[in-house]
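In order, the protein sequences belong to chains A and B. For what it's worth, this note's numbering labels the leading residue of the first sequence as 1, then goes sequentially. For what it's worth, this note's numbering labels the leading residue of the second sequence as 1001, then goes sequentially. Built from N, CA and C at the ideal position, the CB exists for glycine as well. These numbers come from a predicted model, not from an experiment.
Protein chains: 2
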Amino acid sequence: MRCEVVAIGTELLLGQIVDTNSSWIGEQLALAGIDSHFQTKVGDNFERMKSSIQQGLDRSEAVICCGGLGPTQDDITRDVIANIMGVDLIRDEAIVEKIRHMFESRGRIMTDNNRRQADIPAGASPIPKMPGTAPGLYCPVDNKVIYAVPGVPYEMREMMEHFILSDLQKRSGQRAVIRSRVLRTWGNSESGLAETLGDRIQQLDKTGNPTLAFLASGIEGIKVRITAKAEDEAAAVQILGDEEAVLRRLLGDIVFGVDDETIETVVLNSLRKKDMTVAVAETLTGGVMSSRLTSSDPEMTSFKGAIVFKGIENGVTGTDRALLAAKKAKETYNADVSVAAVEPCTSEGKPRGTVYLGVMIGDTSFVEEVGLPGDRNRLRNYAVISLMNYCRKLMS
Amino acid sequence: MRCEVVAIGTELLLGQIVDTNSSWIGEQLALAGIDSHFQTKVGDNFERMKSSIQQGLDRSEAVICCGGLGPTQDDITRDVIANIMGVDLIRDEAIVEKIRHMFESRGRIMTDNNRRQADIPAGASPIPKMPGTAPGLYCPVDNKVIYAVPGVPYEMREMMEHFILSDLQKRSGQRAVIRSRVLRTWGNSESGLAETLGDRIQQLDKTGNPTLAFLASGIEGIKVRITAKAEDEAAAVQILGDEEAVLRRLLGDIVFGVDDETIETVVLNSLRKKDMTVAVAETLTGGVMSSRLTSSDPEMTSFKGAIVFKGIENGVTGTDRALLAAKKAKETYNADVSVAAVEPCTSEGKPRGTVYLGVMIGDTSFVEEVGLPGDRNRLRNYAVISLMNYCRKLMS
């Protein structure tokens, strides 16, 4: 089963918008076991759109068109698909009502242009999920299919997740459910992980289910993705759970989270469970840690505050400076826990990238020396995840 | 003159990497007056690469292939292009030496795989600019051309800027030099800008040179791009300068910077010139302002520090809270200038998105009330640029 993606919009070709939709769709198709051999960007031009979509349909069993479903004169995806299908557009009055209702609930008036969004090629149908004012289109063409989704990422994703992916799987005759889970790690290299998991990967290669993949994600660590195939959801989840347990035994405490969990949400959850608060001293990290913490804890219930400053005066060791900085943050905000990442004094003669991680929990102090790579901005971000991860391990 | 882009790499289709190269190339082509009607992503597969590149060549006068020039077995762009040209690959010994030298200067050994990178289709030539170990390829095919560049963004950009763009312009018979400049603005909507500049745009439409375009850039404001065409560099720069002066007169102080200047670099430069320092109180902005300031001023010479905290206690007005927060930051770090963005107290009954910008310069206090859109994270970022821009205007 092959499915191409055609991303529509002159602004994509002009580089005014980066086409992240196709990448996301490509990833979802791969996870669902569907091949995607070509992805095309084309401008808002009738003939060129037609040739791209038609070519996709010639080469593959399905095409997902992304964009060009809006209310303006540029938005001609509906028209092009109707032309390919050799049919007329028919206004769907139920969709008109849905759009009118959406506008009214936002206190706005529906225009004639918006009515155009309810035009559906004869023989096609609207995709049941409709999170915005543009319905997606499900357009059978002989034994193949064109799906059209809006370019708004949220709307596109909803339609993919709740209709298109399962429809593609049904069409491919694939009864299997494919699910994946990501274990997020910090503290080992990709080659180190490959070595630790080498035997396990060899074992899994024999059955081919589940499979493992490493995704290096820079300042967010390395992800280990487990992908399982099974007869139904429950069985797939069972395989994922079993494999997660095996991997956690092998990997130990370098696993800090699962799927979308970031290091800061893990630390904040741990604090919340213990009814504790944290304060931060940002000398090296210069505000990056705070911006991540406030993003996850906007009400600042667990994160009490931070001081951003140039650093403790020279003349003491990096270890001392880390602890002094953590202490200062802890006292300033009267928090239960405090953290600080600092650089050594120049007089210590430490190699570039040396960072001291300081953590105080209650009255107990902890310091770790680490070596981190990268220019100033990468170093700052590596220091944030290293420090949070150190704090996580100390609190567990 | 039409030029297509073919981005090569299975990882692009799988969504493991977002194809930002094509977007960048598309923007550069547009600025150089060259049309790009199709951009394709294709995996590391001989037949599919061949069909994509061949199709590009059928539809357009030039194709830029991006990726697949590395040393591994997956990297077959060279082979595919040789096949399309109907020629063999010939090892270029001068390039082998260049690669060997690069490896040796980094203390590494060149492998046989790296030698493959010096294979050039007969009749093609290496692109003169070669910033990495993969030479770009210049491949004439009848009266058309294929360029191949590495997928490493830095290497690709160097080759585009120093060879491909000017070669394309020469081929198009276009002798003109095209240059552009971006004026960055904050404080007016896109429709507001269009109205302010309406007469000027009409005037320019008559000559078509220079041209103006608006680029809405969300939390970074709205950019006004001036594009000028002239016989040589000096004449183009003259047109840009003249037009910038006209636009600055029309737009007034909403223009905060030019090209890559961010609002924080503008504020930091202004502080540096006056030999002044700044401190920040981050309640609403929660660390975002600090992380931007330390990124531009890593030594913290002008930015002295910040306090990140939940906010001044309730019971005073938003105006008072903004000033109290700014005062607190100023005193904590003994800075010449201080800034704070805060939300009103709930008891004030202000609409959602109301933000108070507080600035202290010496002993003088300033407050401005603004209404900002978006969810929490967007609000935070809009508050940062609004506050910095307010500070910029007060200091000018």
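9 Å is my cut-off, CB to CB: does residue i come that close to chain A?
| i | result |
| --- | --- |
| Val1377(B) | It is Asn, not Val, that sits at residue 1377(B) in the sequence shown. Yes, because at least one Cβ of chain A sits closer than 9 Å to the Cβ of Asn1377(B). |
| Gln1028(B) | yes |
| Ile1025(B) | yes |
| Leu1268(B) | no |
| Arg1380(B) | yes |
| Leu1013(B) | yes |
| Glu1158(B) | no |
| Met1360(B) | no |
| Leu1165(B) | no |
| Leu1293(B) | yes |
| Glu1313(B) | no |
| Glu1282(B) | yes |
| Gln1396(B) | Per the sequence shown, residue 1396(B) should be read as Ser rather than Gln. No, Ser1396(B) does not count as interfacial toward chain A. |
| Ser1290(B) | yes |
Alpha carbon to alpha carbon, what distance is there between residue j and residue i?
| i | j | result |
| --- | --- | --- |
| Asn143(A) | Ala62(A) | 9 Å |
| Gly123(A) | Val1308(B) | 58 Å |
| Thr1020(B) | Gly26(A) | 15 Å |
| Val1255(B) | Thr1262(B) | 11 Å |
| Ser166(A) | Ala228(A) | 16 Å |
| Thr185(A) | Phe214(A) | 10 Å |
| Thr1207(B) | Glu1231(B) | 16 Å |
| Arg116(A) | Gly1067(B) | 41 Å |
| Glu290(A) | Val280(A) | The displayed chain sequence assigns Ser, not Glu, to residue 290(A). Each residue's alpha carbon lies about 7 Å from the other. |
| Asp1058(B) | Asn1083(B) | 16 Å |
| Ile17(A) | Ser105(A) | 30 Å |
| Val1237(B) | Asp1259(B) | 14 Å |
| Glu158(A) | Arg100(A) | 21 Å |
| Glu1244(B) | Ser1396(B) | 19 Å |
| Leu1323(B) | Gln1169(B) | 56 Å |
| Thr346(A) | Leu1247(B) | 49 Å |
| Ala1383(B) | Ala1340(B) | 9 Å |
| Gln73(A) | Lys98(A) | 21 Å |
| Met130(A) | Val96(A) | 12 Å |
| Gly1241(B) | Asn1209(B) | 13 Å |
| Leu1268(B) | Met1276(B) | 9 Å |
| Glu369(A) | Ala329(A) | 20 Å |
| Gly374(A) | Asn381(A) | 10 Å |
| Leu1372(B) | Val1355(B) | 7 Å |
| Arg378(A) | Glu220(A) | 11 Å |
| Asn188(A) | Gly318(A) | 24 Å |
| Asn1113(B) | Ile1120(B) | 14 Å |
| Arg392(A) | Gly252(A) | 13 Å |
Within 9 Å of any Cβ in chain B, is that where the Cβ of residue i sits?
| i | result |
| --- | --- |
| Ala326(A) | no |
| Ala335(A) | no |
| Asp373(A) | Reading off the sequence shown, one finds Pro at residue 373(A), where the question assumed Asp. Not one chain B Cβ lies under 9 Å of Pro373(A). |
| Asp259(A) | no |
| Asp19(A) | yes |
| Pro150(A) | no |
| Val342(A) | no |
| Ser172(A) | no |
| Val87(A) | no |
| Ser22(A) | yes |
Who are the neighbours of residue i on chain A, taking C-beta pairs under 8 Å?
| i | result |
| --- | --- |
| Arg1048(B) | His37 and Phe38 |
In chain A, which residues lie with their C-beta within 7 Å of the C-beta of residue i?
| i | result |
| --- | --- |
| Ala1306(B) | Gly287 and Val308 |
| Gly1043(B) | His37 |
| Leu1215(B) | Gln16 |
| Pro1298(B) | Arg376 |
List, in chain order, every chain B residue whose beta-carbon is nearer than 7 Å to that of residue i.
| i | result |
| --- | --- |
| Glu220(A) | The contacting residues do not exist; Glu220(A) stays about 14 Å from chain B at best. |
Closer than 7 Å between beta carbons: that is the criterion. Which residues of the region 117-146 of chain A meet it against chain B? none
Name the residues in the region 179-204 of chain A whose C-beta lies less than 9 Å from a C-beta of chain B; which are they? So nothing in the stretch comes that close.
Would you call the region 42-51 of chain A and the region 1028-1037 of chain B touching, i.e. three or more CB-CB distances under 8 Å? Yes, the region 42-51 of chain A touches the region 1028-1037 of chain B.
Using 8 Å as the cut-off, can you tell me whether the region 1172-1182 of chain B makes contact with the region 1079-1098 of chain B, which would need three or more C-beta pairs spanning the two stretches below that distance? no
Against chain A, which members of the region 1233-1264 of chain B pass a CB distance test of less than 8 Å? Cβ contacts with chain A: none found.
Return the residues of the region 1050-1070 of chain B that lie within a Cβ-Cβ distance of less than 8 Å from chain A, sorted by chain order. Ser1052
Could you check whether the region 320-335 of chain A touches the region 355-368 of chain A, counting it as contact only if at least three pairs of C-beta atoms, one from each stretch, sit closer than 8 Å? With the cut-off at 8 Å, the region 320-335 of chain A and the region 355-368 of chain A touch.
Anything in the region 94-111 of chain A with a Cβ closer than 8 Å to a Cβ of chain B? List those residues in chain order, please. Of all residues in the region 94-111 of chain A, none is placed with a Cβ closer than 8 Å to any Cβ belonging to chain B.
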